[in-house]
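Down below is the structure, laid out as structure tokens.
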Amino acid sequence: MAGKTFRFSLDGVLQLRTHEADQARQALGQATAGRQAQEAAVKAARGALGCTAAAPPGEAVSPAQLRRREAQRHQAWHAYEEAMRGLAQLRRQEQQARTRLQARHRAEESMRTLERRERAEHRRETLRAEANFLDEQATTGFQRRRRAADKTARTHASPQASL
Numbered sequence: 000m001a002g003k004t005f006r007f008s009l010d011g012v013l014q015l016r017t018h019e020a021d022q023a024r025q026a027l028g029q030a031t032a033g034r035q036a037q038e039a040a041v042k043a044a045r046g047a048l049g050c051t052a053a054a055p056p057g058e059a060v061s062p063a064q065l066r067r068r069e070a071q072r073h074q075a076w077h078a079y080e081e082a083m084r085g086l087a088q089l090r091r092q093e094q095q096a097r098t099r100l101q102a103r104h105r106a107e108e109s110m111r112t113l114e115r116r117e118r119a120e121h122r123r124e125t126l127r128a129e130a131n132f133l134d135e136q137a138t139t140g141f142q143r144r145r146r147a148a149d150k151t152a153r154t155h156a157s158p159q160a161s162l
């Protein structure tokens, strides 16, 4: 027996929650990619710090070269500190994105739980309606057969009564 098709009463809200969770997943992916890129920048800045080492022993160094190397070392150190600050900020953003994703996922999962419950209730109602229909059909068929049997019994009983 074909019953009414299931339609979740909060389907629009479920779609919204799913969309929000998808956006949060994408935001987390972007935050993770940004953090990874910044980690590479920190590694490069750390490598640049090593390149600003002092002159090899035994080599004559002029005061201008010393100032230039000190400026390079200072610039490399500043770039490294900036990269570290940027990395710390991106890690915070990634954690915030992860927290938002967890919250959006919980909201979506709550709606999916409600949908499962409503779907199960719809299924029970459909089965109950089908059982009631079949009971009604069986009762109607039984009554029809009984009336037919009573009519047949009266028809057969009439000739005997006239004897």
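Using numbering that gives the first Met the number 0, you'd call the opening residue of the sequence shown number 0 and step up by one each time.
Idealized CB from N, CA, C, for every residue including glycine.
- For L27 and R97, the gap between their C-alpha atoms comes out near 6 Å.
- In the three-state reduction of the DSSP assignment, E124 falls in the helix class.
- Pairing A23 with R103 gives a Cβ-Cβ distance under 7 Å.
- Taking all protein chains shown into account, Q25 has fewer than 16 neighbouring C-beta atoms within 10 Å of its C-beta and is therefore exposed.
- Within the model, the alpha-carbon separation for K3 versus A152 is close to 43 Å.
- Inter-residue distance for M83 and R67 is about 24 Å (C-alpha atoms, whole angstroms).
- R16 is a Cβ neighbour of A106, given a cutoff of 7 Å.
- Rounded to the nearest whole angstrom, the CA to CA distance from R90 to R99 is 14 Å.
- Look at T151 here: in three-state DSSP terms it is helix.
- The Cβ atoms of L48 and A87 lie no closer than 7 Å to each other.
- Where E58 is concerned, there is no enclosing alpha helix (DSSP H), because DSSP gives it neither an H nor an E.
- When the five nearest sequence neighbours on each side are left out, the beta carbons in the same chain lying within less than 7 Å of the beta carbon of E117 are those of F7 and S8, in order along the chain.
- DSSP places R34 in the uninterrupted alpha helix (DSSP H) bounded by D10 to C50.
- The DSSP-derived three-state label of F5 is coil.
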